[in-house]
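For the sequence shown, the numbering used here begins at 187 and goes up steadily by one.
Even for Gly, the Cβ is constructed at its ideal location relative to N, Cα and C.
For reference, the structure is listed below as structure tokens.
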Amino acid sequence: MDWDPEIDTPATILIVGGNAIGIEAALYARFLGYSVIVAAAARVGNKLLAAGDIPMPGTWGELTTPLGLAALETQNAGTTEAMRGEAAGNVPTHREYVEQYLIPVAKTDLIYESVEINSPVQSVSRSEVSVASKLSREELADCEFRVLIDSAKRGAHSQVVDIVLDCVGLPATHGSAMGGGLACGEAEILGMDCEEQTAKGFFTSGSLGALTSEAGKSIMLYGDSEAVIDSVRRLQGEMADGTGARLLWLVPMGTSALQDEETKKLSEAFVPGFSTIPIWGVENITEKEDGGWQLRVQSSLDEMLDLECDAFASCVSQAENAGQVARRLLPESKIATADPHYYLLKDQVDDAEANRNQVREVFALIGGRADLNLYNTVQVPE
């Protein structure tokens, strides 16, 4: 690896998925002293519960781990009697496994406050990184993750974490936030069809041609692509004709576009109602009751700026930030990806040993100890 995977405690780990391997990874992390957030899109073990009374592909002894059994026994002595000793050879149903083991483990004091159910992760991007940033993997490894979680309790909100263990295989997302993630509220807007977006005054790269400087309209345009630069030039021309519009160009921090002399002059042009602000990204997008949009943008690493407009165009193309979220497995690893500190763990219900091996491997990397194996050291209370 051309980056160092070792991160000491205290550090925060996001675990995406409330499945068997997600809960096991949370246990392992907490036994080592890491802070943990488990974001489950539905209930813990939701997909397993759908199989109901179908037998699990293994016995209690194969499906449980010393960490899970120890957590249960510490919480309530005797609760693992049906899973140990002679009973370890019994085969539970999917429902029994979830209701008697997986959910009780998730409710133990060790990880209970860490588990957020009905809280899907909407995007994972990099904090302190603009979509225009061109960083090496070694440089990215020093940047925390910005995670957008649609929590059932707290609503959509962003979290900063050090490590991501993706146990479900999140799709790539591209939005207006730092590092190309989604801003709060952006997923719902992008879910609208193009006509509805345009009617509400929201534009993307594909609909920029419909954006005009109507009299008195305030417009915000985010991006640095050629299409954005052409639109700024066109709108400036319309404004020079006295439309009374206001245009704010939100330029991605560190963009190379402004190194071009002509583009730099365009950004600094003296046109009534026109101005430019460099930003790291958009944190929130909210539709106003009387029409238009309210935005909270990251104007610096320490400050947010609240803005309002009648029309907003977010024009960050997939190609612009694709290099920052390359989550393909590295050739030399079954779990580590090309995105530093982002790991892919595959939940293999039919192979509990494979799940344990993945968890052990990822924490051996994170802990910087190839010999690290809690399964050989944690003892289940008698």
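Assigned exposure category for residue i - 16 Cβ within 10 Å defines buried
| i | result |
| --- | --- |
| Phe498 | buried |
| Glu547 | buried |
| Arg490 | The amino acid at residue 490 is misidentified as Arg; the sequence shows Met. With fewer than 16 other Cβ atoms within 10 Å, it is exposed. |
| Ala318 | buried |
| Leu200 | buried |
| Met378 | exposed |
| Tyr298 | exposed |
| Gln544 | buried |
| Asp401 | Position check: residue 401 holds Ala in this sequence, whereas Asp was assumed. By the 10 Å Cβ count, Ala401 comes out exposed. |
| Pro569 | Residue 569 lies beyond the residue range present for the chain, which begins at 187 and ends at 568; the question has no answer from this structure. |
| Asn507 | In this predicted model, Asn507 has a pLDDT of only 45, less than 50, meaning its place in the structure is not dependable enough to derive any value. |
| Val437 | buried |
| Glu325 | exposed |
| Cys329 | buried |
| Ala455 | exposed |
| Glu448 | exposed |
| Gly371 | buried |
| Val487 | For clarity, residue 487 is Leu in the given sequence; the question names Val instead. The residue in question, Leu487, is exposed, as its Cβ has fewer than 16 Cβ neighbours within 10 Å. |
| Gly477 | exposed |
| Thr195 | exposed |
| Asn205 | buried |
| Thr294 | buried |
| Thr250 | buried |
Proximity of residue i and residue j at Cβ, strictly below 7 Å
| i | j | result |
| --- | --- | --- |
| Ser313 | Val284 | no |
| Thr198 | Asp348 | yes |
| Arg332 | Pro526 | no |
| Ser500 | Ser362 | yes |
| Ser176 | Ile465 | In this structure the chain extends from 187 to 568, so residue 176 is not present and cannot be described. |
| Leu288 | Val354 | no |
| Ser374 | Ser337 | Inspection of the sequence shows that residue 374 is occupied by Glu rather than by Ser. Taking 7 Å as the Cβ cut-off, Glu374 and Ser337 do not qualify as a contacting pair. |
| Gln533 | Pro243 | Reading off the sequence shown, one finds Asp at residue 533, where the question assumed Gln. Cβ atoms of Asp533 and Pro243: not closer than 7 Å. |
| Ala369 | Ile471 | yes |
| Gly366 | Ser311 | yes |
| Ile209 | Ala268 | no |
| Asn541 | Ile207 | yes |
| Val468 | Leu481 | yes |
| Leu444 | Lys450 | yes |
| Val224 | Ser300 | yes |
| Glu248 | Ala538 | yes |
| Ala426 | Ser391 | no |
| Glu327 | Trp479 | Looking at the sequence shown, residue 327 is not Glu but Ala. No, they are not a contact pair. |
| Pro306 | Ala227 | yes |
Residue i (DSSP reduced to helix, strand or coil)
| i | result |
| --- | --- |
| His343 | strand |
| Leu394 | helix |
| Cys370 | strand |
| Met378 | coil |
| Tyr220 | coil |
| Ala197 | coil |
| Thr563 | coil |
| Ala431 | coil |
| Ser500 | strand |
| Asn507 | The predicted position of Asn507 is uncertain, since its pLDDT is 45 and thus under 50; a value taken from the coordinates is nonetheless stated next. Asn507 falls in the helix class under three-state DSSP. |
| Val414 | helix |
| Met425 | helix |
| Asp188 | coil |
| Leu407 | strand |
| Val202 | strand |
Neighbourhood of residue i by C-beta distance below 8 Å, restricted to the same chain and skipping five residues each side
| i | result |
| --- | --- |
| Val566 | Pro252, Leu255, Ala256, Glu259, Thr266, Arg270 |
| Glu192 | Leu551, Ile552, Gly553, Gly554 |
| Ile405 | Leu397, Ser399, Leu421, Ala431, Arg432, Leu433, Leu434, Cys495, Asp496, Ala497, Phe498, Ala499 |
| Thr523 | Ala512, Arg513, Arg514, Leu515, Leu516, Tyr529, Leu530 |
| Glu382 | none |
Min CB distance residue i to chain D below 7 Å
| i | result |
| --- | --- |
| Tyr408 | Note that chain D does not occur in the displayed structure, where there is just one protein chain. |
Own chain residues within Cβ distance below 6 Å of residue i, not counting five before or after
| i | result |
| --- | --- |
| Thr384 | Ser393, Ala396 |
| Gly275 | Thr245 |
| Gly203 | Cys353, Val354 |
| Gly409 | Cys501, Val502 |
| Val168 | The question about residue 168 has no answer, for the chain in this structure spans 187 to 568. |
| Glu424 | Ser399 |
Sequence-distant residues of its chain with Cβ nearer than 7 Å to residue i (five each side left out)
| i | result |
| --- | --- |
| Leu560 | Tyr214, Phe217, Leu253 |
| Asp239 | Thr279, Arg281 |
What runs of the alpha helix (DSSP H), each 4 residues or longer, lie entirely inside the region 513-555? If we require 4 residues or more, the alpha helix (DSSP H) runs fully inside the region 513-555 come out as 538-553.
Note down, one range per segment and in chain order, each alpha helix (DSSP H) of at least 4 residues found wholly within the region 434-497. 447-453
Completely contained alpha helix (DSSP H) runs for the region 224-270, where each covers 4 or more residues: 232-235, 246-249, 252-261
Alpha helix (DSSP H) segments (min. 4 residues) lying fully within the region 286-363: 289-292, 323-326
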